[in-house]
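Participant: Going by the working numbering, the sequence shown opens with residue 1357, and the numbers climb by one from there. Positions of the beta carbon are idealized from the N, C-alpha and C atoms, including for glycine. These numbers come from a predicted model, not from an experiment.
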Amino acid sequence: MAQIIGSVTTSHVPAIGRAIAKNLQGDPYWKPFFDGFPPVHRWLAEKKPDVIVAFYNDHGLNFFLDKMPTFAVGAAAEYRNADEGWGIPELPPVKGEQKLAWHIIDKVIERDFDLVTCQEMVIDHALSLPLALLWPDQKWPVRIVPVCINTVQFPLPSAKRCYALGEAVGDAIRSWQGNERVLIMGTGGLSHQLDGERAGFINKDFDLKFMESLVADPRWATQYSIHELVEKTGTQGVELVMWLAARGALGNGPAKRVHQNYHIPISNTASGLMVLEPAAG
Ligand SMILES: [Fe+2]
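Written out as structure tokens, the structure is:
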């Protein structure tokens, strides 16, 4: 049976790509952010995942405002990182894990989630940059299953629904007959707002409380509506639903905290990083 080894949740910001391209990891502005990752590298070297199931949101590269699925799962053979227009070098393509993707699609649709299935998909910074943070040599040792959640165009799915999606995906993985070691990834957030009157808004207290809740009280943030979460975390901070979906996939019991880092700001985003293992794992 496939095994979920744990989850890595992290922020995604286009400027990280520029910092990687220019080798600014040791620069005083970037160091507190990049210093969060060596413990994750050591954990990955020990755990050796074969597959990543990644919850993230597309930013208009693969889905644009004319066609915006609430939930979409990739079942492609390969995922290319396409130019987003930010002057960031494209990262190497990553192989898809198609068999597990179709198993997840079958099982999650059985649980009444109406997924869009994508046999062709390009990936943006929200998936490619976290991969580059986990494997700085950019030689990906994993195949991926991307799971996109719309946090770009309202109406957005509720935090509660995103957590439930994660639970269904986790159950699907645990019922897969293969022997893959699966890492769950969730990318987005934490608090930030890029536009409007509150541009630059960050809520450190809420972010830290949210990260803490994921250890032993993972449904805590599902008490809030999407509009309340926008109020508390900013228009783009609502991407934290990816962390909830990732946590849902680990199961409802307490999780073991392996590592965490929190740093503000990167660009104008509160950056969080967290590694959890299922408590029984
Ligand atoms: Fe984003």
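Go ahead and label residue 1420 buried or exposed: buried means 16 or more other beta carbons lie within 10 angstroms of its beta carbon, across all protein chains shown.
Facilitator: exposed
Participant: Roughly how many angstroms lie between the CA atoms of residue 1637 and residue 1465, to the nearest whole one?
Facilitator: Confidence in residue 1637 is poor, its pLDDT being 48 and thus under 50, which makes the residue's placement too unreliable to answer from.
Participant: Entirely within the segment 1405 to 1465 and at least 3 residues each: give me those beta strand (DSSP E) ranges in chain order.
Facilitator: 1407 to 1412, 1427 to 1430, 1434 to 1437
Participant: How long is the line joining the alpha carbons of residue 1423 and residue 1523, rounded to whole angstroms?
Facilitator: The C-alpha of residue 1423 lies about 26 Å from the C-alpha of residue 1523.
Participant: Okay, do the segment 1576 to 1583 and the segment 1502 to 1521 touch, 3+ Cβ pairs below 8 Å being the bar?
Facilitator: yes
Participant: For residue 1385, is the classification buried or exposed, using 16 other Cβ atoms within 10 angstroms of its Cβ as the cut-off for buried?
Facilitator: exposed
Participant: Note down, one range per segment and in chain order, each alpha helix (DSSP H) of at least 4 residues found wholly within the segment 1379 to 1404.
Facilitator: 1387 to 1390, 1394 to 1403
Participant: Where does residue 1397 land, buried or exposed, given buried means 16+ other C-beta within 10 angstroms?
Facilitator: exposed
Participant: For residue 1569 and residue 1563, I'd like the C-alpha separation in whole angstroms.
Facilitator: 10 Å
Participant: Please report the straight-line C-alpha distance between residue 1533 and residue 1525, rounded to a whole angstrom.
Facilitator: Going by the C-alpha atoms only, they are around 15 Å apart.
Participant: Mind checking who residue 1571 pairs with in its DSSP beta bridge?
Facilitator: According to DSSP, residue 1571 bridges with nothing at all.
Participant: May I ask which residues mark the beginning and end of the alpha helix (DSSP H) holding residue 1603?
Facilitator: 1597 to 1606
Participant: Specify whether the segment 1373 to 1391 and the segment 1469 to 1478 touch according to this definition: at least 3 beta carbon pairs, one from each stretch, less than 8 Å apart.
Facilitator: no
Participant: Going residue by residue through the segment 1464 to 1527, where are the continuous beta strand (DSSP E) segments of at least 3 residues, counting only ones entirely within it?
Facilitator: If we require 3 residues or more, the beta strand (DSSP E) runs fully inside the segment 1464 to 1527 come out as 1472 to 1474, 1499 to 1505.
Participant: On the DSSP bridge list, what partners appear for residue 1363?
Facilitator: 1540, 1632
Participant: Should residue 1440 be listed as close to ligand 3, given that the test is whether its C-beta is under 7 Å from any heavy atom?
Facilitator: Judged by which ligands are present, ligand 3 is missing from the structure shown, whose ligands are ligand 1.
Participant: Three-state secondary structure (DSSP) at residue 1371?
Facilitator: It is helical.
Participant: Kindly indicate which three-state DSSP category residue 1309 falls into: helix, strand or coil?
Facilitator: In the structure as shown, the chain begins at 1357 and stops at 1637. Residue 1309 is therefore absent and cannot be evaluated.
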